[in-house]
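Quick notes on the structure that follows.
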Amino acid sequence: GKGACGIFLCACLVATVIGYKPVVIVHGLFDSSGVFVELLRFINQSHPGTNVSVIDLFDHSSSLQPLWKQVEGFKEAIYPIMQNAADGVHFICYSQGGLICRGILSTLPNHNVHSFISLSSPQAGQYGDTDYLKYLFPQFMKSNLFHFCYTGVGQRISICNYWKDPHHTDMYVNGSDYLALLNSERPNPNSTVWKKNFLRIKKLVLIGGPDDGVITPWQSSQFGFYNDNETVVEIKDQDLYLRDVFGLKTLNARGDLFLCSMAGVEHVKWHSNDTVFNTCIKKWLV
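The numbering used here puts the first residue of the sequence shown at -13, with every later residue one more than the last.
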């Protein structure tokens, strides 16, 4: 009778509320899955029962492998997760991982990524004298790294794939095998298809902040970058936004582009800071 029907309906509603989409996490430079203990705890507390996969590939020094190679490896590991997720998945991609995720989203025609959460990732490129740089290339400063990065040998190291020297734009465009292609700054025969693929996402969330200390300029985490006199040009004034090269302007017009900025967070703390999680991440993981 009616009662049974009511109970059944009620059960269905509960099921839809509880059924969170699976979350896929991709780590950054010199990292491994082990750094996300806190983030996993945050997700588990706020969205109990969420299936979270931290992809354990290209860990530690292997994270220096060229990004297209990493894209292929991560894609192979993530695709089965997507296939088992009828309602789609969420991506949380940290630091260099955010660029790997963009490569996946651009080149995978039938992906079902709902929210793409880019967590302090150098989306517009990197140009800074950081500890990473001093460690990897002790003989180079940011001003002369272009001599190495924009060569065939340089492009075999991940950091060079998104090194963007604002004083040597032509060399970057010709020399960068990864970011310049993703951004269609170099003519890319696949650009129309890649844009269509990328725009399958439902939300793009760009998280970053002024006290990051690694992503340089920090606004790169939100697609801002230096012009040739090292003044930061924000996302809305960037050529790749204005020409809607891979869909940023379309996402914004759709109401699906979100910037979340937070002061006081160092680069290695983004994924373990509960304020960042509660303010910038939690609401998208449904």
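Glycine residues also receive a C-beta, built at the ideal position from the N, C-alpha and C atoms. A quick note: this is a predicted structure, and the numbers were derived from the prediction, not measured.
Does DSSP put residue i in a helix, a strand or coil?
i, result
"I86", "helix"
"A1", "Unreliable positioning characterises A1 in this predicted model, as indicated by a pLDDT of 47, which lies under 50. The coordinate reading is nonetheless provided below. Here A1 sits in helix by DSSP."
"G161", "helix"
"V231", "coil"
"K7", "coil"
"S39", "strand"
"S32", "helix"
"I267", "helix"
"G(-11)", "Caution applies to G(-11), whose pLDDT of 49 falls short of 50 and renders its modelled position unreliable; the model cannot decide the point."
"V272", "coil"
Following a CB-centred definition, is residue i positioned closer than 6 Å to any heavy atom of the ligand SAH?
i, result
"G233", "Absence of the ligand SAH is noted for the structure shown, with no ligands found whatsoever."
Can you find the residues in the same chain that come closer than 8 Å, C-beta to C-beta, to residue i, ignoring five residues on each side of it along the sequence?
i, result
"G(-13)", "Because the pLDDT of G(-13) is 49, which lies under 50, any placement of that residue in the model is unreliable, and the number read from its coordinates should be weighed accordingly. Counting only Cβ-Cβ distances below 8 Å, and skipping sequence neighbours, we find nothing."
"L168", "L85, R88, G89, S92, W180 and F232"
"D117", "V200"
"G(-11)", "At G(-11), the pLDDT of 49 sits below 50, so the modelled position is not reliable and the matter cannot be decided from this model."
"Y164", "P52, L53, W54, L85, G89, Q141, N147 and Y148"
"S47", "F16"
"R172", "V159, N160, S162 and A166"
"V218", "P203, Q205, G210, F211 and Y212"
Report, in whole angstroms, the separation of the C-beta atoms of residue i and residue j, which I expect to be a contact under 8 Å.
i, j, result
"I41", "V75", "The Cβ separation is near 12 Å, so there is no contact."
"N183", "L94", "6 Å"
"C246", "I187", "Going by Cβ atoms, the distance from C246 to I187 rounds to 16 Å, so no, they are not a contact pair."
"E216", "P152", "6 Å"
"L122", "W149", "Incorrect: roughly 11 Å between the Cβ atoms, too far for contact."
"Q224", "F211", "7 Å"
"H257", "L25", "4 Å"
"G111", "Y136", "12 Å between Cβ atoms; not a contact."
"T202", "G114", "3 Å"
"S207", "S106", "5 Å"
"H13", "Y80", "6 Å"
Return the chain-ordered list of same chain residues with a C-beta closer than 6 Å to the C-beta of residue i, the five sequence neighbours on each side being excluded.
i, result
"K181", "F232 and G233"
"Q56", "F44 and I86"
"I143", "L50"
"A71", "P8"
"L190", "F102, L237 and L243"
"K235", "Y227"
Quick one: is residue i buried, meaning 16 or more other Cβ sit within 10 Å of its Cβ, or exposed?
i, result
"G20", "exposed"
"K120", "exposed"
"K269", "exposed"
"D198", "buried"
"N147", "buried"
"A166", "buried"
"D156", "exposed"
"V139", "exposed"
"K222", "exposed"
"L271", "buried"
"P108", "buried"
"H133", "exposed"
"S129", "exposed"
"V23", "exposed"
Go through its chain and collect everything with a Cβ distance to residue i's Cβ below 7 Å, but skip five positions before and after it.
i, result
"I43", "Per the sequence shown, the amino acid found at residue 43 is Leu instead of Ile. The residues are G59, F60 and A63."
"D291", "In this structure the chain extends from -13 to 272, so residue 291 is not present and cannot be described."
"G195", "W204, S247, M248, A249 and V251"
"M68", "V75, H97 and N98"
Taking only beta-carbon positions, decide if residue i is within less than 7 Å of chain B.
i, result
"H154", "Given the protein chain composition of this structure (a single chain), no chain B is represented."
Problem set entry | Continuous beta strand (DSSP E) assignments of at least 3 residues falling wholly in the segment 53 to 101 | 75 to 80
Exercise. Curious, which full-length alpha helix (DSSP H) runs of at least 4 residues does the segment 190 to 256 contain?
Worked result: 225 to 228 and 234 to 240
Problem set entry | 4-residue-minimum alpha helix (DSSP H) runs that sit fully inside the segment 100 to 147, ordered along the chain | 117 to 122, 132 to 135 and 144 to 147
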